[in-house]
Structure formats: structure tokens, C-alpha cells
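Asks: Each residue of the sequence shown is one higher than the one before, starting from 57 at the first, in this note's numbering.
Glycine included, each C-beta is placed from N, C-alpha and C at the ideal position.
This structure is a prediction, so every number in the text was calculated from the model and none was measured.
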Amino acid sequence: MSAEFVTGFLLLVPAAAVVLDVNATVGQPWVILPCTLMTETPTRLEDLLLYWQDDRQHVLYSYKKGNEMPEHVNRRYRDRITAFPLGMTAGNISVKLKNSALEDEGRVFQAFAALYNSRGARRYSSDLREICQITLHVAVPYSSVSVAVNEEARTAVCTAQRGFPEASLRWRAQDLHNNSQCFIDPKDVKTTTVQNSQDRLYSLNSTINIPGGRYRSVSCLIHNPTLNVTDSDTYVLNKGERSLPDWPAGLTAAFVLLVSALQQLIRCGSS
Ligand SMILES: *[C@@H]1O[C@H](CO)[C@@H](O)[C@H](O)[C@H]1NC(C)=O
Ligand SMILES: *[C@@H]1O[C@H](CO)[C@@H](O)[C@H](O)[C@H]1NC(C)=O
Ligand SMILES: *[C@@H]1O[C@H](CO)[C@@H](O)[C@H](O)[C@H]1NC(C)=O
Ligand SMILES: *[C@@H]1O[C@H](CO)[C@@H](O)[C@H](O)[C@H]1NC(C)=O
57 MSAEFVTGFL
67 LLVPAAAVVL
77 DVNATVGQPW
87 VILPCTLMTE
97 TPTRLEDLLL
107 YWQDDRQHVL
117 YSYKKGNEMP
127 EHVNRRYRDR
137 ITAFPLGMTA
147 GNISVKLKNS
157 ALEDEGRVFQ
167 AFAALYNSRG
177 ARRYSSDLRE
187 ICQITLHVAV
197 PYSSVSVAVN
207 EEARTAVCTA
217 QRGFPEASLR
227 WRAQDLHNNS
237 QCFIDPKDVK
247 TTTVQNSQDR
257 LYSLNSTINI
267 PGGRYRSVSC
277 LIHNPTLNVT
287 DSDTYVLNKG
297 ERSLPDWPAG
307 LTAAFVLLVS
317 ALQQLIRCGS
327 S
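1) Check whether the Cβ atoms of A204 and V196 lie closer than 8 Å to each other.
2) Along the chain, where does the alpha helix (DSSP H) that runs through L142 open and close?
3) If we ignore side chains and look at the alpha-carbon of each, how far apart do S259 and V115 end up?
4) Give the range of the beta strand (DSSP E) segment to which N234 is assigned.
5) Less than 8 Å between CB atoms is the rule here; does A169 satisfy it with respect to chain C?
6) Closest to L104 by C-alpha separation, out of N130, R163, D183 and T191, would be which residue?
7) State the CB to CB distance for the pair L192 and A73, rounded to an integer number of angstroms; the pair is presumed to be in contact (CB under 8 Å).
8) Sort R134, N123, S199 and L106 by Cα distance to C188 and report the nearest one.
9) Compute the beta-carbon to beta-carbon distance between S262 and T286, rounded to the nearest angstrom, for a pair I have assumed lies under 8 Å.
10) By the three-class DSSP mapping on this structure, what secondary structure does E102 have?
11) Please name the residue or residues paired with E124 in a DSSP beta bridge.
12) For N265, verify whether its CB is less than 7 Å away from any heavy atom of ligand 4.
13) Can you check whether the CB of R136 is closer than 8 Å to the CB of L153?
14) Would you say T138 touches ligand 1, meaning its beta carbon is less than 7 Å from a heavy atom?
15) Quick one: Cα of D110 to Cα of R210, how far?
16) Apply the 10 Å Cβ neighbour rule to S164 and answer buried if 16 or more other Cβ atoms are within range, or exposed otherwise.
17) Starting from K152, trace the beta strand (DSSP E) in both directions and tell me its first and last residue.
18) Flag P281 as yes when its Cβ comes closer than 7 Å to any non-hydrogen atom of ligand 2, and as no otherwise.
19) Whole angstroms is fine: what's the gap from G219's alpha carbon to G268's?
20) Just the Cα atoms here: how many angstroms apart are I88 and L158?
21) Using 10 angstroms around the beta-carbon of V274, count the other beta-carbons present and answer buried if the total reaches 16, otherwise exposed.
22) Look at D244 and I264 and say whether their C-beta atoms are less than 8 Å apart.
23) Of the residues A229, N234, H233 and N252, which one's Cα is nearest the Cα of D241?
24) Measuring straight from C-alpha to C-alpha, what distance separates D77 and D160?
25) Regarding D287 and ligand 2, is the C-beta to nearest heavy atom distance less than 7 Å?
26) Are there 16 or more other CB atoms within 10 angstroms of the CB of R131, so buried, or fewer, so exposed?
27) Going by Cα to Cα distance, which pick from T282, L171, S156 and I190 is closest to S150?
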């Protein structure tokens, strides 16, 4: 190997690939899989070899010496991937993935690149290196988070429909006398999670007892870990009339689990 081979190369490329998580929502028109190729000088596109592949070794995007190579792209990714050739000179080898779906959930995407040295009479190619490794998480927001109270049975029921991934659920109560807020102890909460076996979406149904004359209101909080979003509904007791909703019809239960809410900050005082 000549000195030219060495100096022409990616001296600034870190030995290990950059590992990142990217979170997206189903129905989002596109998501960027970000990746930067660190080079000392602007990249000559005629010297660049780049490809992206997934964990099944399906090629998403292929670029060689100034040209995109659509013939290398797996049919699953045809018309779903766009790169940014203008940014490539500056090392921006990100690609845009269109229409992320639940099918892409947990998929790992890797970008590999090499630079050719075209300055000398001969061409040398660098080792192909993994530059980035991106894990894609895809979420579906829960819809219609809702609390209903059965005043006679003194129970409150929270339901949330058709989200992904599995959410964590917590109940918060506001004290009737001093208005302070507290989280209800998970051992006093009964939550059932059902996953639809066809579309993989989860629905939740959670019940608590509400002792008379104790709470001003109760709130149900549903946290989607991928979106890092909490949806909630609050029921003000002794006000308004709401009936208990039916458990969603047409659910094909794949499995039913009991889950308890995660950590709680202030637990409600014991009765
Ligand atoms: C790469 O280019 C795209 C499109 O212009 C842009 O959205 C993205 O932020 C760029 N990424 C970096 C790391 O510059
Ligand atoms: C992205 O989703 C993963 C998987 O649910 C989660 O662990 C991570 O915290 C999320 N990242 C952000 C920034 O919300
Ligand atoms: C989730 O969002 C909260 C603020 O709403 C933030 O403090 C926290 O760091 C976020 N978690 C992740 C994993 O990004
Ligand atoms: C409010 O009252 C409840 C009992 O009704 C008690 O457990 C709780 O500690 C009180 N909170 C504050 C902040 O005083």
C-alpha cells in the first residue's frame, strides 16, 4: 500500500460506527436516517462508494462514483428512499425513508462507505467501513384515552385504544380536601392489555376503586415510550354523567397480560 493510499483516506472516520435510535410515527410522510461521513476535505462524489442496508441485508440505497445505482436496491425499498447528493460533498450521507410502517419497527439500518483515490495513476479503494447504525422505532399514538366512573360501584375505568408499542398506564388522584395530587399505588390498579394479533396494536383497560368522599378527581395517564408522549383524561367526581364504555368490539385477543403502572412519585395515602 502506498502513502497516497493512506493520505487519501478518511483519517477522521471514527473506528466504530455511530449508533443511533430514530423514532417515528406510523403515517408520518418520511423519516431521516441521519449519517455523516467525516472527511478532512470535501468528498469528491466520483470517489464515493456508499450503500445503506437493513438487518436482512436488503439494500435501501446504493451510490457509486457519482451515480445512484437503483438496480442494487431491494424492491421493498424502491420508491421509498431518497438521498441528498448535494449534501454528500459535505459528508451528509443521510437518507430519507418514506411511509414508515409498523413493519419497519425495530429494523436496523447500516450505512457503509468507502472513498476511492482517483488522484494517482492507479485507483485504490479504502476499506469499506460501517459509518452509521440506526435502529428505527415506529409508534402508533393511542386514541381516545378516556375515564368513565361508575358511581354506584365506586370504580373508575380507563380505556385507551389501538396504540403501539405497549404503553404504561398510571392513575393520579386529586385529594378532595387539600387538592394535593398523588399517584395511585399500582397494587390498587388492575390493568389489562390486549394485543390485536393481526395489526399488533394494543388496547388497555384499567380499573381502580374510588372510595367515597376522598378524591376530587381521578386522571388516567398513558405513556407511549417511543413517542415519549403522555395522553390523559380526567374525571371530576360528582359532576357530569358519563356511562362506562364497552370494551372495544372486534378485538382478536392474542394474549392478555396484567401490567402494573411503572414508578410512582407520591403514592396516595392509605385509606
Ligand atoms: C442532510 O441533508 C438533509 C436534507 O437537506 C437535511 O435534512 C439533514 O439535516 C442533513 N443532515 C446533516 C447531518 O447535515
Ligand atoms: C425511542 O423509542 C424507544 C423504544 O420505545 C425508547 O426506548 C426511546 O426512549 C425513544 N426515544 C425518545 C427520544 O423518545
Ligand atoms: C421524554 O420527554 C421528557 C419531557 O417531556 C424529557 O424530560 C425526557 O428526557 C424524554 N425522554 C427521552 C428518552 O427522550
Ligand atoms: C392531603 O390529604 C391526604 C388525606 O386526605 C393526605 O394523605 C395527604 O398527605 C395530604 N397532602 C398534603 C400535601 O397535605
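Replies: With the given structure in hand:
1) Along the sequence shown, read from residue 1 onward, the residue named residue 204 stands at position 148. Along the sequence shown, read from residue 1 onward, the residue named residue 196 stands at position 140. It is not a contact, given that the beta carbons lie outside the stated cut-off.
2) Translated into positions along the sequence shown, residue 142 becomes position 86. Element bounds for L142: P141 to M144.
3) For the purposes of this step, residue 259 is identified with residue 203 of the sequence shown, where counting begins at 1. For the purposes of this step, residue 115 is identified with residue 59 of the sequence shown, where counting begins at 1. Their backbone Cα atoms lie some 35 Å apart in a straight line.
4) Numbered from 1 along the sequence shown, position 178 holds the residue referred to as residue 234. Bounds of any beta strand (DSSP E) do not take in N234, whose DSSP letter is neither H nor E.
5) Among the chains in the structure shown there is no chain C, since it carries only a single protein chain.
6) Taking the sequence shown and counting its residues from 1, the one referred to as residue 104 is at position 48. The shortest C-alpha separation from L104 is found at D183.
7) Locating residue 192 in the sequence shown gives position 136, where the first residue counts as 1. Locating residue 73 in the sequence shown gives position 17, where the first residue counts as 1. That pair is no contact at about 16 Å.
8) As a position in the sequence shown, residue 188 is number 132, starting the count at 1. Out of R134, N123, S199 and L106, L106 has the C-alpha closest to the C-alpha of C188.
9) Position 206 of the sequence shown, counted from the first residue, corresponds to residue 262. Position 230 of the sequence shown, counted from the first residue, corresponds to residue 286. Actually they are not in contact, since the Cβ atoms of S262 and T286 sit about 14 Å apart, beyond 8 Å.
10) Translated into the one-based positions of the sequence shown, residue 102 becomes position 46. Looking at E102 - three-state DSSP - the assignment turns out to be helix.
11) In the sequence shown, residue 124 corresponds to position 68, counting from 1. Y119.
12) Locating residue 265 in the sequence shown gives position 209, counting from the first residue. Within 7 Å of the C-beta of N265 there is not a single heavy atom belonging to ligand 4.
13) The residue labelled residue 153 in the question sits at position 97 within the sequence shown. The residue labelled residue 136 in the question sits at position 80 within the sequence shown. In this structure, R136 lies closer than 8 Å to L153 by Cβ.
14) For the purposes of this step, residue 138 is identified with residue 82 of the sequence shown, where counting begins at 1. For ligand 1, not one heavy atom lies less than 7 Å from the Cβ of T138.
15) For this step, residue 110 is matched to residue 54 along the sequence shown. For this step, residue 210 is matched to residue 154 along the sequence shown. Going from the Cα of D110 to the Cα of R210 covers about 52 Å.
16) By 1-based counting over the sequence shown, the position of residue 164 is 108. According to the sequence provided, residue 164 is Val. The question's Ser does not apply to it. V164 is exposed by the Cβ-count criterion.
17) For the purposes of this step, residue 152 is identified with residue 96 of the sequence shown, where counting begins at 1. V151 to K154 is the span of the beta strand (DSSP E), which, as asked, contains K152.
18) For this step, residue 281 is matched to residue 225 along the sequence shown. Yes; taking the cut-off as 7 Å, the Cβ of P281 has a heavy atom of ligand 2 nearer than that.
19) Working through the sequence shown from its first residue, we reach residue 219 at position 163. Working through the sequence shown from its first residue, we reach residue 268 at position 212. Rounded to the nearest angstrom, the two C-alpha atoms are 33 Å apart.
20) Walking along the sequence shown from the start, residue 88 turns up at place 32. Walking along the sequence shown from the start, residue 158 turns up at place 102. Between I88 and L158, the C-alpha separation is close to 16 Å.
21) Numbered from 1 along the sequence shown, position 218 holds the residue referred to as residue 274. Looking at its Cβ environment, which holds 16 or more other Cβ atoms inside 10 Å, V274 is buried.
22) Here the question's residue 244 lines up with position 188 in the sequence shown. Here the question's residue 264 lines up with position 208 in the sequence shown. Yes, they are a contact pair.
23) In the sequence shown, counting from the first residue as 1, residue 241 sits at position 185. It is A229 whose Cα lies nearest to the Cα of D241.
24) Numbered from its first residue, the sequence shown carries residue 77 at position 21. Numbered from its first residue, the sequence shown carries residue 160 at position 104. Distance between the alpha carbons of D77 and D160: 13 Å.
25) For the purposes of this step, residue 287 is identified with residue 231 of the sequence shown, where counting begins at 1. It does not: the Cβ of D287 is nowhere closer than 7 Å to a heavy atom of ligand 2.
26) In the sequence shown, residue 131 corresponds to position 75, counting from 1. With fewer than 16 other Cβ atoms within 10 Å, it is exposed.
27) Working through the sequence shown from its first residue, we reach residue 150 at position 94. Cα-wise, what sits closest to S150 is I190.
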